[in-house]
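Asker: Residue numbers (this note's numbering), protein chains in the order written: chain A, 22 to 168; chain B, 31 to 151; chain C, 111 to 300; chain D, 11 to 249.
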Amino acid sequence: MTQGMSLIVKTITRLVTSFITLFGIYIVLYGHVSPGGGFAGGVILSAGMILLLLAFGREQTMKIISHSALVIWDSAGALAFLTVAVVGYLAGDFFINFLSTGEPYRLASAGTIPLSNMAIGAKVGAGLFGVFLALAIFRPGRHQEEE
Amino acid sequence: MTLGALPYILALVLMLIGLYVVVAKKNIIKIILGVCILEYAVNLFLLLLGYRHGGAAPIRTAEQADTSAFAAGAVDPIPQALILTSIVIGLGCLALMVSLAVRLHEKFGTFDMTRIRELKG
Amino acid sequence: MDPFMLLLLALLAFMIIGSLIAAETEDLLSSVVCVGAIGAGLAIIDLFLGAPDLAITQVVVEILCVAILIRVVLNRKDETHRTHKDTFAVGSVLLFLGVLLVLGGWAMTTLHPFGEPLLAGDQPGVAQQYLTNGLQDTGAANYVMAVLLDYRAYDTLGEATVIFVSIIGAYVILRQRGKLRHDTGNESDS
Amino acid sequence: MGNMLPLFIALPLAGGFLAALGARKSSLAGGDVARVMALIISGCLLVGSLALLGRESCVYWIGGWPSPDASTVGLSLVCDGFTQMLLVTVNAIGFFALLYSFSYIQRFTGRALYYCLFLILLSGMNAVVLSGDLFNVFVFMEVSVIASYALVAFGVERQELEASFKYVILGSVSSLFVLLGIGLLYNLTGQLNMALVADRLAGIETGPAVWLAAGCFIAGFGLKAAVVPFHAWLPDAHP
């Protein structure tokens, strides 16, 4: 776990992770015209990072993404989603769709829905990977003697 | 018993199996898995409620220009939205339960509920 | 009976058998894997019943759940199956569940039958309005997203808060130390 | 006056998210900032709920969706006399519990996370009280209940962990019962708005499915509230 897995796994992971991340971003961005959405895309993003963690071990991974950065992304995503709601509140009604709905079936349509999807995607991706990281770096029995 | 209720009853059987695991098993991980099974069964039940015979997915493409024809043929989107929310809630509960199980294993050295009760105090 | 219904019933039977194996097997790892198989079956049912959004979400959540659970089960020893079995307690639980099954099954025969939800008729449900007006109102071609993030976006705020608060809860529970020691100088979490 | 209602949910939620932002940087300063913020927000909510007291009842439609008579597409916040009373109760108890916990929480680590969980618990309870939609009640009940699972285990000692685990299991099972009941009612009436569900249920005869839904709600909410046959978890969780 600490040192990571074999060279084969590492090489494949290097190749595959970028594609998983790309697919996750696609699922998040196209949630309002095709199946998917912020939550599914966020889970895919976090699954890609979990693959990195399993293949390269926790020291290597935490050099790329630190735990505090994950907490910040998590809170920032939640705040962004709340901001969409509050801007709507200032514009008239809580959660009103204040952007124009645009032409259907396009990427830039449906008003605030893509914005909400992006916020949820960032939040869920960072948060679930953070939980997995916290479970992975949790070492049992280290402070048993303190009791 | 009509055939129209058969899928509902099978979902109910799945629910009761989950409930049985939660109530009768003594292992923490087994209990967590029982909650998972129960959650899947309730999600399945909601999904079955929303289906209509021959229904298409409630996702429109540019070819389906006729709104009334689409509205008469698509499945109910509300249960799907409810299930998405419920899946997320289940995942949150699972993360919390798993971290509690890890902590309990660290403190007591076992996943057995009966031994955890004996060790207390 | 049409092949669609047969396939659905076969998948449901697969899920029930998988859950029975998950309930009764003594090895925790195989139990976890069985629950993963049930989730995969649920994802296939999602696809058949016209819910591709749910199928994607279910599959990825399933992978994540199984990864987390295997991470927890591996390398932790467990000797629960050696403890005594209480036949009387299990029997009474089974009796109770049997009563629930009969009552619940009887109640479910009086629901609107499978495949004919309350969408049309003289008092149509709210779903018909979503299906009719969704595209003009919100501009989203995916009606599930239209319901989730526009009509009922407030629910989704609650959902995002649930996942946020459970992650914060997991951090809280996995802290190395709960109480401060005598000196408050070095305070750190996890 | 109805325009104020969303703030009862949005204000503590924003406070909770912001408190979590400060949790990592430097724990002591983050905890103090979060404490002041929690105090201000909780005080504002108490004052706001007192200001609502005695006004005529109102309904706030979220998202600005029109509400035709036959069926409503949007979600609503309802504030009538009983809601006003419950709102004052929830916010007053929250404010005074927060004041009491200032000295108690000093001995724990991760205080910013405590205030984050507390504010989200408060917003979940406010939302449950105000909500006019069945599924919305379920979601925000989960928000407040998950925050309270974590708060029960906050000290991560043996008994706290065990009590929290029991509470999580019973809570999850009971919320799934509530969800099952919501599904049954949705199948029978085709609505999720509480007023409309009641309206439609009066129109159909009370069959076994309605009794099953009622049983699910009684079992689910009873387990959550620890009414008498379902009270076994309570003494462990609140020592």
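Glycine included, every Cβ here is placed at the ideal spot set by N, Cα and C.
(1) Tell me whether C:R59 sits in a helix, a strand or coil according to DSSP, three-state version.
(2) Go to D:W221, then tell me how far its alpha helix (DSSP H) extends in each direction, as first and last residue.
(3) Whole angstroms are fine: how far does the CA of C:V142 sit from the CA of C:Y180?
(4) Could you work out which residues of chain A lie near D:G41, taking near to mean beta carbons separated by less than 8 Å?
(5) Distance check for D:A224 and D:L127, CA to CA, integer angstroms please.
(6) Under DSSP, the beta strand (DSSP E) around A:Y51 begins and ends at which residues?
(7) Does DSSP classify C:G249 as helix, strand or coil?
(8) Quick check on the burial criterion: 16 or more other C-beta atoms within 10 angstroms. Buried or exposed for D:A157?
(9) Contact between the stretch 92-105 of chain A and the stretch 66-84 of chain A is defined here as three or more beta-carbon pairs at a separation below 8 Å; is this criterion met?
(10) DSSP three-state label for C:F124, please.
(11) Roughly how many angstroms lie between the CA atoms of D:L198 and B:H135, to the nearest whole one?
(12) Taking the continuous beta strand (DSSP E) assigned at D:L15, which residues delimit it?
(13) Just to confirm before moving on: does the CB-CB distance between D:I19 and D:A137 stay below 7 Å?
(14) If you measure beta-carbon to beta-carbon, which residues of the stretch 82-94 of chain A are closer than 7 Å to chain D?
(15) If we count the other Cβ atoms within 10 Å of its Cβ and call it buried at 16 or more, is D:S174 buried or exposed?
(16) Return the chain-ordered list of same chain residues with a C-beta closer than 8 Å to the C-beta of C:T135, the five sequence neighbours on each side being excluded.
(17) Apply the 10 Å Cβ neighbour rule to C:K289 and answer buried if 16 or more other Cβ atoms are within range, or exposed otherwise.
(18) Please list, in chain order, the residues of the stretch 41-56 of chain A that have any C-beta partner in chain C closer than 8 Å.
(19) Does any residue of chain A bring its CB to less than 7 Å from the CB of D:P22?
(20) Quick one: Cα of C:L121 to Cα of C:A147, how far?
(21) Helix, strand or coil: which one does DSSP assign to D:S86?
(22) Where does D:R117 sit, in a helix, a strand or coil, going by DSSP?
(23) Closest by CA to C:A177, which one among C:L139, C:L245, C:D247, C:R287?
(24) Establish whether the CB of A:M22 and some CB of chain B are separated by less than 7 Å.
(25) Measure the CB-CB distance between C:L228 and C:G235 and report whether it falls below 7 Å.
(26) Hey, how far is the Cα of A:S39 from the Cα of A:T82?
(27) Going by DSSP in three states, B:A104 sits in which element: helix, strand or coil?
(28) Against chain A, which members of the stretch 233-257 of chain C pass a CB distance test of less than 9 Å?
(29) Of all the residues that make up the stretch 118-134 of chain B, which are near chain A by a beta-carbon distance shorter than 8 Å?
(30) Can you look up C:N185 in the DSSP assignment and give me helix, strand or coil?
(31) Taking C:V272 as the reference, which of D:F27, D:L233, D:Y110, D:G32 has the closest Cα?
(32) Of all the CB atoms in chain E, is at least one closer than 7 Å to the CB of B:F75?
(33) Less than 7 Å between the beta carbons of C:A280 and A:V64, yes or no?
(34) Taking one C-beta from the stretch 50-64 of chain B and one from the stretch 77-84 of chain B each time, how about it: are there three or more such pairs within less than 8 Å?
(35) Just checking: is the beta-carbon of C:A263 within a distance shorter than 7 Å of some beta-carbon in chain A?
(36) Excluding the five sequence neighbours on either side, which residues of its own chain have a C-beta within less than 6 Å of the C-beta of C:F124, listed in chain order?
Answerer: With the structure as the only source:
(1) Beyond the ends of chain C as shown, which are 111 and 300, falls residue 59 of chain C; an answer cannot be given.
(2) The residue given as residue 221 of chain D occupies position 211 in the fourth sequence. For D:W221, the enclosing alpha helix (DSSP H) covers residues 218-235.
(3) Reading the third sequence from its first residue, position 70 is the one you call residue 180 of chain C. Reading the third sequence from its first residue, position 32 is the one you call residue 142 of chain C. In the sequence under discussion, the amino acid at residue 180 of chain C is Ile, which differs from the Tyr named in the question. About 7 Å.
(4) Along the fourth sequence, read from residue 1 onward, the residue named residue 41 of chain D stands at position 31. Per Cβ cutoff of 8 Å: no residues; D:G41 is ~15 Å from chain A at best.
(5) Numbered from 1 along the fourth sequence, position 117 holds the residue referred to as residue 127 of chain D. Numbered from 1 along the fourth sequence, position 214 holds the residue referred to as residue 224 of chain D. Whole-angstrom Cα-Cα distance: 32 Å.
(6) The residue labelled residue 51 of chain A in the question sits at position 30 within the first sequence. It is not in any beta strand (DSSP E) - A:Y51 carries neither H nor E in the DSSP assignment.
(7) Taking the first residue of the third sequence as 1, we reach residue 249 of chain C at position 139. It is coil, neither helix nor strand.
(8) Indexing the fourth sequence from 1 puts residue 157 of chain D at position 147. With 16 or more Cβ atoms within 10 Å of its Cβ, D:A157 is classed as buried.
(9) no
(10) Counting from 1 along the third sequence, the entry for residue 124 of chain C is found at position 14. It is helical.
(11) One-based indexing of the fourth sequence puts residue 198 of chain D at position 188. One-based indexing of the second sequence puts residue 135 of chain B at position 105. C-alpha of D:L198 to C-alpha of B:H135: approximately 45 Å in a straight line.
(12) Your numbering for residue 15 of chain D matches position 5 in the fourth sequence. Taken as a continuous stretch (DSSP letters only), D:L15 belongs to no beta strand (DSSP E), as it is neither H nor E.
(13) In the fourth sequence, counting from the first residue as 1, residue 19 of chain D sits at position 9. In the fourth sequence, counting from the first residue as 1, residue 137 of chain D sits at position 127. Against a cut-off of 7 Å, the Cβ pair of D:A137 and D:I19 comes out as a contact.
(14) S89, V92, I93
(15) Within the fourth sequence, numbered from 1, the residue matching residue 174 of chain D stands at position 164. With 16 or more other Cβ atoms within 10 Å, it is buried.
(16) Taking the third sequence and counting its residues from 1, the one referred to as residue 135 of chain C is at position 25. Excluding positions up to five away in sequence, the list reads S141, C144.
(17) Position 179 of the third sequence, counted from the start, is the residue given in the question as residue 289 of chain C. Classification of C:K289: exposed, given that the 10 Å Cβ count is below 16.
(18) I48, G52, H53, V54, S55, P56
(19) Position 12 of the fourth sequence, counting from 1, holds the residue named residue 22 of chain D. Look at D:P22: its C-beta is not under 7 Å from any C-beta on chain A.
(20) If you number the third sequence from 1, residue 121 of chain C lands on position 11. If you number the third sequence from 1, residue 147 of chain C lands on position 37. Approximately 11 Å between the Cα atoms of the pair.
(21) The residue given as residue 86 of chain D occupies position 76 in the fourth sequence. Correct three-state label for D:S86: strand.
(22) Start at 1 with the first residue of the fourth sequence, and residue 117 of chain D comes out as number 107. Here D:R117 sits in helix by DSSP.
(23) By 1-based counting over the third sequence, the position of residue 177 of chain C is 67. Of the listed residues, the one whose Cα sits closest to C:A177 is C:L139.
(24) In the first sequence, residue 22 of chain A corresponds to position 1, counting from 1. Caution applies to A:M22, whose pLDDT of 47 falls short of 50 and renders its modelled position unreliable; the model cannot decide the point.
(25) Within the third sequence, residue 228 of chain C is the residue found at index 118, counting from 1. Within the third sequence, residue 235 of chain C is the residue found at index 125, counting from 1. For the 7 Å CB-CB criterion, C:L228 and C:G235 form a contact.
(26) What you label residue 39 of chain A is simply residue 18 of the first sequence in a count that begins at 1. What you label residue 82 of chain A is simply residue 61 of the first sequence in a count that begins at 1. In a straight line, the C-alpha of A:S39 is about 15 Å away from that of A:T82.
(27) Position 74 of the second sequence, counting from 1, holds the residue named residue 104 of chain B. In the three-state DSSP reduction, B:A104 falls in the strand class (E or B).
(28) L245, Q246, D247, T248, G249, A250, A251, N252, V254, M255, A256
(29) V118, L121, A125, V128, S129, V132
(30) Counted from its first residue, the third sequence places residue 185 of chain C at position 75. In the structure shown, C:N185 falls within a coil segment according to DSSP collapsed to helix, strand and coil.
(31) As a first step, residue 272 of chain C must be located in the third sequence, where it is residue number 162. When only C-alpha atoms are compared, the closest one is D:F27.
(32) The displayed structure is made up of protein chains A, B, C and D, and chain E is not among them.
(33) Along the third sequence, one-based indexing puts residue 280 of chain C at 170. Along the first sequence, one-based indexing puts residue 64 of chain A at 43. Contact: no.
(34) no
(35) Here residue 263 of chain C refers to the residue found at position 153 of the third sequence. Interface residue, yes.
(36) Here residue 124 of chain C refers to the residue found at position 14 of the third sequence. Contacts found: G151.
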